[in-house]
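**Student:** As you go down the protein sequences, you meet chains E and L in turn.
Counting the first sequence from 1 gives a position; the working numbering is that position plus 32.
Counting the second sequence from 1 gives a position; the working numbering is that position plus 32.
Built from N, CA and C at the ideal position, the CB exists for glycine as well.
I have a structure I would like to understand better, so I am pasting it below and will then ask my questions one at a time.
There are 2 protein chains.
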Amino acid sequence: MKKHTVVFEPAGARCEINDGATLLEAAARAGVGLGSICGGSGICGKCRVTVKAGMSSLSGYTDAEREFIKQAEVGLRLACECRIYGDVTVRVPPQDMVSRKAARKVSVNLDPAVRKYSVKIAPPSMQDMGKGDRERVMEALAAQHGLSGLSLDFHVLKGLQKTIRDARGDVTASVWMGREIIRLEPSVSGAAYGLAVDIGTTTVAAYLCDLGSGNVLDTLSATNPQAAHGEDVMSRITFAMTEPGGLSVMQGEIRDCINGIIRETGLTPGDILDMTVVCNTVMHHIFLGIDPSGIGAAPFVHAVSRPLYVKARELGININESAYIHILPAASGFIGADSAGVLVALGPYSRDEKVLIIDVGTNGEILLGDRDGVYSASCATGPAFEGAQIRFGMRAAAGAIERVWIDTETKEPSLEIIGNARAGGICGSGIIDAVAGLFKAGIIDKTGRLRLERLEPPRAEDLSHTERLRLDALGRPEYVLAWKEQTGTGADITVTQADVRAVQLAKAALYAGTRLLMRRMGMERIDRIILAGAFGSYINKESALAIGMLPECAPENISAAGNAAGEGAVLALFNIGKREEAERETAKLKHIEISMDPGFQDEFLAAMDIPHR
Amino acid sequence: MKKHTVVFEPAGARCEINDGATLLEAAARAGVGLGSICGGSGICGKCRVTVKAGMSSLSGYTDAEREFIKQAEVGLRLACECRIYGDVTVRVPPQDMVSRKAARKVSVNLDPAVRKYSVKIAPPSMQDMGKGDRERVMEALAAQHGLSGLSLDFHVLKGLQKTIRDARGDVTASVWMGREIIRLEPSVSGAAYGLAVDIGTTTVAAYLCDLGSGNVLDTLSATNPQAAHGEDVMSRITFAMTEPGGLSVMQGEIRDCINGIIRETGLTPGDILDMTVVCNTVMHHIFLGIDPSGIGAAPFVHAVSRPLYVKARELGININESAYIHILPAASGFIGADSAGVLVALGPYSRDEKVLIIDVGTNGEILLGDRDGVYSASCATGPAFEGAQIRFGMRAAAGAIERVWIDTETKEPSLEIIGNARAGGICGSGIIDAVAGLFKAGIIDKTGRLRLERLEPPRAEDLSHTERLRLDALGRPEYVLAWKEQTGTGADITVTQADVRAVQLAKAALYAGTRLLMRRMGMERIDRIILAGAFGSYINKESALAIGMLPECAPENISAAGNAAGEGAVLALFNIGKREEAERETAKLKHIEISMDPGFQDEFLAAMDIPHR
């Protein structure tokens, strides 16, 4: 049989493959991971590649491809659809660097809320006229699967008779929680999908999961469109309070955003049979259409602590119309369902060692404890760690300076930039690196002051020889991280005195909060630190320790957990026991209101120094 | 104190009353039943009267009155709002005679699905931040009323915090089935209302009930707008099957019709907290948006037998948005939720005597049995008993001839007409009377033939002397019931040979069905006959016995029960035990498919004669 060579760029992987094989098969042989949710059926549109050479060696465009590929997208093909009749070179498009939230491979016992049961429904006869088709389905599920006492969503009832007739009684029922039939379809049905959603104040991340296999199939993300009304939760509360209809505008925005993500999966919405949601309490209220203003001022009362189940259709979310959305518990205005997600993902309550979990987002959320009890606190770090309130701050997207080293001799920096782009700004991990580097190089002192003064006579620690330390147009000191020739913006990128102060305030709030929590718990030492959140994955722990952001801990016991909140949502999607665990453990959580502690101010001031007093 | 005289027309009732009393108080003193749901608060608009004399003796129009009374309606006042300062004569507007379905006074233990609980919610503090307002409400209900394990409708959650704050923690929760909070409102709240709805193929009747007192406050009705697509259920099935979107058109029509009735109550929709529905299985499916076509042909499969609970908002019914609608069980395509209503209203299953219940509507529904078991059957009577398929047939509305006597000597008829109007046609009870009268007067023979032939030589039974017996323009025999001078239509109203045949077919179907059911059950005699349905209340039982429509039974043991189906809906509204009873007893019901019985044809032919062979 004829063989052809297929090359995959940019990885450069290659393989020999039989005449007539598909590009998807070639990718598998070459070890190239191509997104494919539908397993090559041409219905998910996820296995797109761009043909660089050898288009004429491929079979013609199919109807399925025309579904997903616009005329304008020259060279694009679905790998599962085109067959190979000659040598070909294709390029696998790089993922957009919109967000770096990513799902870890999840290992959890599979016990999802929705399970599928295939049943045979006997044809009706004049002898059992007293039975409706609904009762026939119920009896079949009881007899063939031992399921009894089920209810049936009203919307399923509408199409029930036609489905049974069309499938000649050979149907599959999707049963929610062993309680309610939420779908009835012909038995040739495919997988049951679920979506775990993390509604962040800035970014919405979603994990598309196969409820049958326990695999996370895809990670999708989008910017939370509410960001147009302000970066932080307080600005959203303000918008809801001051703008007529503001709440419903924001609820519509997040609904549309999630529906956009669902469209992006390429799946038929009706195939997504479950959804879990984590988010902070303000996002939670807005998503549900509940006025969040109570959370904005003392006594900070939120509407509901308990986890919720709401029909997707009630919220206008376009998954299966009979499916439920599970929103994890929001213990208080400060400790949201996102913390509940972190809690079940990392399970401090079942650890012997004392673990500190820090989720750094717009605010710093802390969990501290072990199997004897877990405390939570919220630190007003402000958004400096997210690159906001920093002169050249930006989010961790392409062009962001994410790693910084400063030579202690030459005072020259080395930079690492996301996405092989020219520098456009500094993200959170970069600013922490920069402050740590400036301190180690003696450019800032322990109070955080940029040491611009020239020493007379010049001494070894004199910094006047580096042009990078200078005054800006308004006479304020700054350090040039990247000269304008190196940047994508055409301007120098600098770290200003104010930037250093912002980092100091943020790290002091976090450190003081941790110390205070330890003191309250009578805890002497911390065994392990886990940094949660996308930011935590990219932070340089040596830099974090160097500036005194983290309490004392052996560096080898400091690790990152990625988007643990999102992972908690994924766990809750795959295993209903995790939902109960989230509810139980969130209820047991002891929350400490740090800012109300009389000792806070002293701790905070002491923590301002680098590393700290 | 000054006294004034108030006269109420057309009843002519009068009373003396103190200066400054309201017209509503005067009506009560005079013994005149004025519709008043709100108890004189000016919010229901039901106590309208027309002032015939003495307008200047009344207080001025109030805001409440302006709400309900259009400028054009000269002399109209709300009796509860206007105070009396002189002699007055008012007229109580007669009820429209659209339908004669009427609620009986119901006696049932009060155990409604929705109950109100007044609770005090303590103000939140920084010390219990872990509690959402929802949890605060739950704890208060548990502590103050022993209610635990409640859920809370998602829509209630949205307004929860504002309600609690506005009412300073003094709130009333409406709890459905001891399970779910469907409303939270300030504690100065009023009554809890419920609506029992009987969706007939022709007429929709609704009973507005006070769930707190057990009183039926009002009876409202409207024509089912689906009637535009045909009079009987088969025509509705045909419309759903043949007209694109026909099902959703009809669902919209019944929804709008019920919402119109709800508007007519004058209540705030949110105050109606429960609703029960009875109807035949075709109306049931259309109301729920389920394709009814399965019911139209063998094996006559309906979608669901079990009773249903559906949120009102899912069906677009404008009662409280969190309230449920309970639809009574529909045992089969032929035995609908209306039969379930009749069953619980009349309770044959707990009687010692053998009772036959006949619900005559467009079809004849039969229930027969006692505490040892109840059988049901459906007789294809056709709509003759409703005045349809009768040349001058009409519904039982103003102008309908509802009673007929024919003098056996003179062959002259005496008529009773609904609503003191001129005759416009004949309704069901009238046509039965007419056929019975024609038979007794010898004008028709036992085969139903109009004896038009003249006898040579003339004999005593010769009918040639009455001009009322004649040939119509097409040469078909007919009997003139009302000369055109007496009618409101300007034309003679006659009973035709075809009319007599239609009545014979209908009564034969009913009689044969009953006989067959008795035979199947090995029953020799019937102790009691109850005629249900609006029609049953107006039928003359002597006439029914005379034409052989009813099986042998002592006339004193034949009675009418009014709209028993609607009464069943009212009972189910006031007492949830009745819902369980309806489900249990409907499931036990043994349905006999009469038309499939080999003996049916013989019974049917034998029953065609008057009274019968």
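Taking the beta strand (DSSP E) that Glu441 (chain E) falls in, what are its first and last residues?
**Tutor:** That residue, Glu441 (chain E), is in no beta strand (DSSP E); it is neither H nor E in DSSP.
**Student:** Is Asp648 (chain L) buried or exposed, if buried means 16 or more other CB atoms sit within 10 Å of its CB?
**Tutor:** Only positions 33 to 645 of chain L appear in the structure, and residue 648 (chain L) is not among them; the question remains open.
**Student:** In chain order, what residues of the same chain have a beta carbon less than 8 Å from the beta carbon of Gly201 (chain E), not counting five sequence neighbours either side?
**Tutor:** Lys152, Ile153, Ala154 and Pro155
**Student:** Along the stretch 152 to 183 of chain E, what residues have a CB closer than 7 Å to any CB found in chain L?
**Tutor:** Closer than 7 Å at the C-beta level to chain L, one finds these residues of the stretch 152 to 183 of chain E: Pro156, Ser157, Met158, Met161, Gly162, Lys163, Gly164, Asp165, Arg166 and Glu167.
**Student:** Could you check what DSSP says for Glu625 (chain L) in three-state terms: helix, strand or coil?
**Tutor:** coil
**Student:** Ignore the nearest five residues each way along the sequence and tell me which others in Leu388 (chain E)'s own chain have a CB closer than 6 Å to its CB.
**Tutor:** Correct list, in chain order: Leu400, Ile558 and Ile561.
**Student:** Tell me, please, whether the CB atom of His644 (chain L) is closer than 8 Å to any CB atom in chain E?
**Tutor:** no
**Student:** Output, in sequence order along the chain, the residues in the stretch 313 to 335 of chain L whose CB is closer than 8 Å to any CB in chain E.
**Tutor:** Leu320, Gly321, Ile322, Asp323, Gly326, Ala330, Pro331, Phe332, Val333, His334 and Ala335
**Student:** Determine contact between the stretch 296 to 308 of chain L and the stretch 350 to 358 of chain L, defined as no fewer than three beta-carbon pairs at a distance below 8 Å.
**Tutor:** yes
**Student:** To the nearest angstrom, how far is the alpha carbon of Cys241 (chain L) from that of Pro301 (chain L)?
**Tutor:** 14 Å
**Student:** Determine, using beta carbons only, whether Asp165 (chain E) and Leu192 (chain E) come nearer to each other than 8 Å.
**Tutor:** yes
**Student:** How about Ser3 (chain L): is its C-beta nearer than 8 Å to some C-beta of chain E?
**Tutor:** Nothing can be reported for residue 3 (chain L), as the shown portion of chain L is limited to 33 through 645.
**Student:** Considering only the alpha carbon of each residue, which of E:Thr234, E:Gly232 and E:Ala228 lies closest to Leu243 (chain E)?
**Tutor:** E:Ala228
**Student:** Thinking C-beta only, is Gly86 (chain E) closer than 8 Å to Thr54 (chain E)?
**Tutor:** no
**Student:** What residues of chain L sit near Arg338 (chain E), judged by a beta carbon separation below 8 Å?
**Tutor:** Gly164, Arg166 and Glu167
**Student:** Tell me where the alpha helix (DSSP H) around Ser569 (chain L) begins and ends.
**Tutor:** Gly565 to Tyr570
**Student:** Counting only beta-carbon separations shorter than 8 Å, does Lys194 (chain E) have a partner in chain L?
**Tutor:** yes
**Student:** Which of helix, strand or coil does DSSP assign to Val535 (chain L)?
**Tutor:** helix
**Student:** Which residues share a DSSP beta bridge with Asp264 (chain E)?
**Tutor:** None, per the DSSP bridge assignment.
**Student:** List the endpoints of the continuous beta strand (DSSP E) containing Gly226 (chain L).
**Tutor:** Tyr225 to Ile231
**Student:** Going along chain E, which residues have a C-beta under 9 Å from Leu603 (chain L)?
**Tutor:** None at all; the shortest Cβ gap to chain E is about 23 Å.
**Student:** What does the Cβ neighbour count give for Asn141 (chain E), buried or exposed, with the cut at 16 atoms within 10 Å?
**Tutor:** exposed
**Student:** Terminal residues of the continuous beta strand (DSSP E) containing Asn247 (chain E)?
**Tutor:** Unbroken beta strand (DSSP E) run through Asn247 (chain E): Asn247 to Thr255.
**Student:** Provide the residue span of the alpha helix (DSSP H) that contains Phe471 (chain E), from first to last.
**Tutor:** Gly460 to Lys472
**Student:** Can you find a C-beta in chain E that's less than 8 Å from the C-beta of Phe186 (chain L)?
**Tutor:** Using a Cβ-Cβ cut-off of 8 Å, Phe186 (chain L) counts as an interface residue toward chain E, since at least one Cβ of chain E sits closer than that to its own.
**Student:** Spatial neighbours of Ile286 (chain E) within its chain, please: C-beta separation below 8 Å, excluding the five flanking residues on both sides.
**Tutor:** Ile231, Val236, Asn256, Pro257, Gln258, Met315, Ile318 and Phe319
**Student:** Taking any Cβ of chain E, which residues in the stretch 366 to 380 of chain L have a Cβ under 9 Å from it, in chain order?
**Tutor:** Phe366 and Ile367
**Student:** When you compare only the Cα positions, how much space is there between Gly565 (chain L) and Gly393 (chain L)?
**Tutor:** 7 Å
**Student:** I need the DSSP call for Val609 (chain E), collapsed to helix, strand or coil.
**Tutor:** First, the residue type needs correcting, since residue 609 (chain E) is Gly and not Val in the sequence shown. In the structure shown, Gly609 (chain E) sits in a helix (DSSP, three-state: H, G or I).
**Student:** Checking the sheet assignment: what are the DSSP bridge partners for Ser88 (chain L)?
**Tutor:** Bridge partners of Ser88 (chain L): none, in fact.
**Student:** Can you give me the start and stop residues for the beta strand (DSSP E) that Ala237 (chain L) sits inside?
**Tutor:** Boundaries of the beta strand (DSSP E) harbouring Ala237 (chain L): Thr235 to Asp242, taken from the DSSP string.
**Student:** Using 8 Å as the limit for Cβ to Cβ distance, is His358 (chain L) near chain E?
**Tutor:** no
**Student:** Measuring only between beta-carbons, confirm whether Glu625 (chain L) sits less than 8 Å from chain E.
**Tutor:** Judged by the 8 Å Cβ criterion, Glu625 (chain L) is in contact with chain E.
**Student:** Which residue marks the beginning of the beta strand (DSSP E) containing Glu217 (chain L), and which one marks its end?
**Tutor:** Its beta strand (DSSP E) spans residues Glu212 to Pro218.
**Student:** To the nearest angstrom, report how far apart Lys133 (chain L) and Glu615 (chain L) are at their CA atoms.
**Tutor:** Residue confidence is low: Lys133 (chain L) scores 38 on pLDDT, short of 50, so the model does not pin down where it sits. Its coordinate-derived value is still stated next. So the alpha carbons of these two residues sit roughly 25 Å apart.
**Student:** Just the Cα atoms here: how many angstroms apart are Asp323 (chain E) and Met273 (chain E)?
**Tutor:** Taking the straight line from one Cα to the other gives about 8 Å.
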